[in-house]
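*Asks:* Would you mind keeping the following structure in view while I ask a few things?
There are 2 protein chains.
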Amino acid sequence: MAGSTTDGRVLRGEETRRAVLRRAVEIASVEGLDALSIGRLATDLGLSKSGVFAGFGSKEELQLATVRAARRIFADAVVAPVADTPPGLARARALCESWLAYSRARVFPGGCFFFEVNAEFDARPGAVRDALAACAREWHGLVQDALAEARAAGSLRPDTDPADLAFTLIAVLELANSQAVLYDEATPYDRAGRTLLRLLRAEAADPSDPALG
Amino acid sequence: MAGSTTDGRVLRGEETRRAVLRRAVEIASVEGLDALSIGRLATDLGLSKSGVFAGFGSKEELQLATVRAARRIFADAVVAPVADTPPGLARARALCESWLAYSRARVFPGGCFFFEVNAEFDARPGAVRDALAACAREWHGLVQDALAEARAAGSLRPDTDPADLAFTLIAVLELANSQAVLYDEATPYDRAGRTLLRLLRAEAADPSDPALG
DNA sequence: CAGATATTAGCACGACCGTTCGTGCAGTTT
DNA sequence: AAACTGCACGAACGGTCGTGCTAATATCTG
Numbered sequence: 001m002a003g004s005t006t007d008g009r010v011l012r013g014e015e016t017r018r019a020v021l022r023r024a025v026e027i028a029s030v031e032g033l034d035a036l037s038i039g040r041l042a043t044d045l046g047l048s049k050s051g052v053f054a055g056f057g058s059k060e061e062l063q064l065a066t067v068r069a070a071r072r073i074f075a076d077a078v079v080a081p082v083a084d085t086p087p088g089l090a091r092a093r094a095l096c097e098s099w100l101a102y103s104r105a106r107v108f109p110g111g112c113f114f115f116e117v118n119a120e121f122d123a124r125p126g127a128v129r130d131a132l133a134a135c136a137r138e139w140h141g142l143v144q145d146a147l148a149e150a151r152a153a154g155s156l157r158p159d160t161d162p163a164d165l166a167f168t169l170i171a172v173l174e175l176a177n178s179q180a181v182l183y184d185e186a187t188p189y190d191r192a193g194r195t196l197l198r199l200l201r202a203e204a205a206d207p208s209d210p211a212l213g
Numbered sequence: 214m215a216g217s218t219t220d221g222r223v224l225r226g227e228e229t230r231r232a233v234l235r236r237a238v239e240i241a242s243v244e245g246l247d248a249l250s251i252g253r254l255a256t257d258l259g260l261s262k263s264g265v266f267a268g269f270g271s272k273e274e275l276q277l278a279t280v281r282a283a284r285r286i287f288a289d290a291v292v293a294p295v296a297d298t299p300p301g302l303a304r305a306r307a308l309c310e311s312w313l314a315y316s317r318a319r320v321f322p323g324g325c326f327f328f329e330v331n332a333e334f335d336a337r338p339g340a341v342r343d344a345l346a347a348c349a350r351e352w353h354g355l356v357q358d359a360l361a362e363a364r365a366a367g368s369l370r371p372d373t374d375p376a377d378l379a380f381t382l383i384a385v386l387e388l389a390n391s392q393a394v395l396y397d398e399a400t401p402y403d404r405a406g407r408t409l410l411r412l413l414r415a416e417a418a419d420p421s422d423p424a425l426g
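Line order of the protein sequences matches chains E and W.
By our numbering, the letter at position 44 of the first sequence is numbered 44, and the numbering carries on one by one without gaps.
Plus 213 on top of the position in the second sequence (first one is 1) and you've got our numbering.
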């Protein structure tokens, strides 16, 4: 039968595509999606330029595929580990700590992929920016929803605005990433962790909530 | 006499240099310092490629000059307007509001020049990154010093850490800029303004301090 | 005026860019 | 075995890049 999943040719094709994207996210997190050149990827991976090109069809499609690949890596590194943390305040905090760990561990060698690439494309309308904006909204929504659940559960003060709080928390995360990479030091992460906890405690219904231990 | 300041030749040279840099900061704030090509600047300004090149000597020198030019513009747009605001809490708040206004007004068409360019170069060691890091430290120091003065004057609680607070405030400013540009809407600025005030009030010795009106 | 000096233009270079094309080869289907 | 499909290859396209030369031009100095 036509085992469409057992075709060795397309399997091999997907494997090289994966290899290309693995290298692509590395480069882009350091130098940006514009510095992603097809020729360079080909050289780095010992492939031909046209071979790499054929796997994506255009430069922009390569960039979009790179964003999708980075989103997958981000989901695995940041979101997946907190899947078994109970919803609410604990999860909100876990998400933030997980993000700090992700940035600290240089899952992408240039720090957070999306910080780098958002800044690069935020003022350039197009498919890449749209994809990045969708990723950003997704991540912000994740934090905000956790905070909303926390408030609904009575862990946060009723007058707390989950959107405002999520905004502030994420702002702290991103500046920590930015400073750590720019100054090449780890101290901003400590400052961010401290600040994070302080911000959450200030809005917690019970400042000595065990989730904020 | 050798009126070195009245030489029309070098004067003309500095004028074109200025024109080049004026365009350069615009481009760089939208597309980054890498997208700054000498040929493109020449075309945009009706000059020859070699003419533009001669004025700077190398691509990196052009990038560094662009950073210096942006720093000057930033100082004029953000720092200068608060020069007559009294030191302390009022100045700290004025600095933040001035920054928001600067981002909002698109003094650089791509939002904050340094947000864009820091993300581009933060993971690339070199003279450009060093220059950018120096600018960042300078700006952070300005906010932090204002907060330190505020605490010394008794406007902030004694247990407030000016560095931590400056970190959080600046984080809020930058995420406002990032979201506003990425989503192409102005609402993040309102959120940032609210958040800013709330953060300062939480650390103020007198929550109804007139500087936080 | 002549001559020194500084800015700009014109042109060419080698390198790399994204892209297209024709071809070969490995795997699948008949 | 023959026909077909899909991936990767090498070569080449027109363009743009940064960067050197050499002239031409404008300004200042005597």
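Yeah, the Cβ is synthetic: ideal placement off N, Cα and C, and Gly gets one too.
These numbers come from a predicted model, not from an experiment.
Across the segment 26-35 of chain E and the segment 109-123 of chain E, are there enough close Cβ pairs to call them in contact, namely three or more that are closer than 8 Å?
*Replies:* yes
*Asks:* Entirely within the segment 337-414 of chain W and at least 4 residues each: give me those alpha helix (DSSP H) ranges in chain order.
*Replies:* 340-365 and 375-396
*Asks:* Is it right to say V78 of chain E is buried, meaning 16 or more other beta carbons lie within 10 angstroms of its own, or is it exposed?
*Replies:* Along the first sequence, one-based indexing puts residue 78 of chain E at 78. Counting Cβ neighbours within 10 Å, V78 of chain E comes out buried, since at least 16 surround it.
*Asks:* Check whether the segment 403-412 of chain W and the segment 375-387 of chain W touch, using three or more Cβ-Cβ pairs below 8 Å as the test.
*Replies:* yes
*Asks:* Three-state secondary structure (DSSP) at A255 of chain W?
*Replies:* The residue you call residue 255 of chain W lines up with position 42 of the second sequence. It is helical.
*Asks:* Distance check for T195 of chain E and L212 of chain E, CA to CA, integer angstroms please.
*Replies:* To locate residue 212 of chain E, count along the first sequence from 1; it is residue 212. To locate residue 195 of chain E, count along the first sequence from 1; it is residue 195. So the alpha carbons of these two residues sit roughly 12 Å apart.
*Asks:* Mind checking if S208 of chain E is an interface residue toward chain W, Cβ cutoff 8 Å exclusive?
*Replies:* Taking the first residue of the first sequence as 1, we reach residue 208 of chain E at position 208. No - not a single Cβ of chain W is within 8 Å of the one on S208 of chain E.
*Asks:* Give a yes or no on whether the C-beta atoms belonging to V172 of chain E and A384 of chain W are separated by under 8 Å.
*Replies:* Working through the first sequence from its first residue, we reach residue 172 of chain E at position 172. Working through the second sequence from its first residue, we reach residue 384 of chain W at position 171. Yes. Within cutoff.
*Asks:* Along the chain, which unbroken stretches of the alpha helix (DSSP H) at least 4 residues long are found entirely within the segment 217-287 of chain W?
*Replies:* 221-244, 251-258, 262-267 and 272-287
*Asks:* Kindly indicate which residue of W:V265, W:P299 and W:A393 has the alpha-carbon position closest to the one of A119 of chain E.
*Replies:* As a working note, residue 119 of chain E is residue 119 in the first sequence. Comparing Cα positions, the closest option is W:A393.
*Asks:* So which of E:L89, E:K49, E:A24 and E:S37 has the shortest CA-CA distance to A205 of chain E?
*Replies:* Along the first sequence, read from residue 1 onward, the residue named residue 205 of chain E stands at position 205. Comparing Cα-Cα distances from A205 of chain E to each of E:L89, E:K49, E:A24 and E:S37, the minimum goes to E:L89.
*Asks:* Expressed to the nearest angstrom, what Euclidean distance is found between the alpha-carbon atoms of G216 of chain W and R222 of chain W?
*Replies:* Within the second sequence, residue 216 of chain W is the residue found at index 3, counting from 1. Within the second sequence, residue 222 of chain W is the residue found at index 9, counting from 1. Reliability fails at G216 of chain W, whose pLDDT of 37 lies under 50, so the model's placement of it is uncertain and no value is given.
*Asks:* Which residues of chain W have a Cβ atom closer than 8 Å to the Cβ of G111 of chain E, listed in chain order?
*Replies:* In the first sequence, the residue the question calls residue 111 of chain E occupies position 111. Near G111 of chain E (Cβ distances below 8 Å), the residues of chain W are D335 and A336.
*Asks:* Can you find at least 3 beta carbon pairs, one from the segment 43-62 of chain E and one from the segment 17-24 of chain E, that sit closer than 8 Å?
*Replies:* yes
*Asks:* Does I383 of chain W have its Cβ less than 8 Å from a Cβ in chain E?
*Replies:* Here residue 383 of chain W refers to the residue found at position 170 of the second sequence. Yes, because at least one Cβ of chain E sits closer than 8 Å to the Cβ of I383 of chain W.
*Asks:* Do P87 of chain E and A176 of chain E come within 8 Å of each other at the CB atom, strictly closer than that value?
*Replies:* Along the first sequence, one-based indexing puts residue 176 of chain E at 176. Along the first sequence, one-based indexing puts residue 87 of chain E at 87. No, these two residues do not count as a Cβ contact at 8 Å.
*Asks:* Rounded to the nearest angstrom, how far is the Cβ of G110 of chain E from that of A336 of chain W, given a contact under 8 Å?
*Replies:* Taking the first sequence and counting its residues from 1, one reaches residue 110 of chain E at position 110. Taking the second sequence and counting its residues from 1, one reaches residue 336 of chain W at position 123. With a Cβ gap of about 4 Å, G110 of chain E and A336 of chain W count as contacting.
*Asks:* Over what stretch of residues does the alpha helix (DSSP H) that includes L95 of chain E continue unbroken?
*Replies:* What you label residue 95 of chain E is simply residue 95 of the first sequence in a count that begins at 1. Unbroken alpha helix (DSSP H) run through L95 of chain E: L89 to R104.
*Asks:* What's the call for P401 of chain W, buried or exposed, on a 16-neighbour Cβ count within 10 Å?
*Replies:* As a first step, residue 401 of chain W is located in the second sequence; it is residue number 188 there, counting from the start. Answer is buried; the Cβ neighbour count reaches 16.
*Asks:* Considering V330 of chain W, what are the terminal residues of the alpha helix (DSSP H) in which it resides?
*Replies:* Counting from 1 along the second sequence, the entry for residue 330 of chain W is found at position 117. Residues F326 to F334.
*Asks:* Would a C-beta distance cut-off of 8 Å place T66 of chain E and L33 of chain E closer than the cut-off?
*Replies:* Translated into positions along the first sequence, residue 66 of chain E becomes position 66. Translated into positions along the first sequence, residue 33 of chain E becomes position 33. For T66 of chain E and L33 of chain E, yes; Cβs fall inside 8 Å.
*Asks:* Report yes if the C-beta distance between I73 of chain E and V25 of chain E is below 8 Å; otherwise report no.
*Replies:* Mapped onto the first sequence, residue 73 of chain E falls at position 73. Mapped onto the first sequence, residue 25 of chain E falls at position 25. Yes. Within cutoff.
*Asks:* If we cut at 8 Å on Cβ distances, does V394 of chain W have a partner in chain E?
*Replies:* By 1-based counting over the second sequence, the position of residue 394 of chain W is 181. Chain E contact via Cβ: present.
*Asks:* Restricting to Cα atoms, I'd like to know which of E:T160, E:A42, E:E60 and E:D209 is closest to P125 of chain E.
*Replies:* Here residue 125 of chain E corresponds to residue number 125 of the first sequence, with the count starting at 1. Cα-wise, what sits closest to P125 of chain E is E:E60.
*Asks:* So N416 of chain W packs on L369 of chain W, CB below 8 Å; how close in whole Å?
*Replies:* For the purposes of this step, residue 416 of chain W is identified with residue 203 of the second sequence, where counting begins at 1. For the purposes of this step, residue 369 of chain W is identified with residue 156 of the second sequence, where counting begins at 1. Reading the sequence as shown, one finds Glu at residue 416 of chain W and not Asn. About 5 Å separates the two Cβ atoms, so the contact holds.
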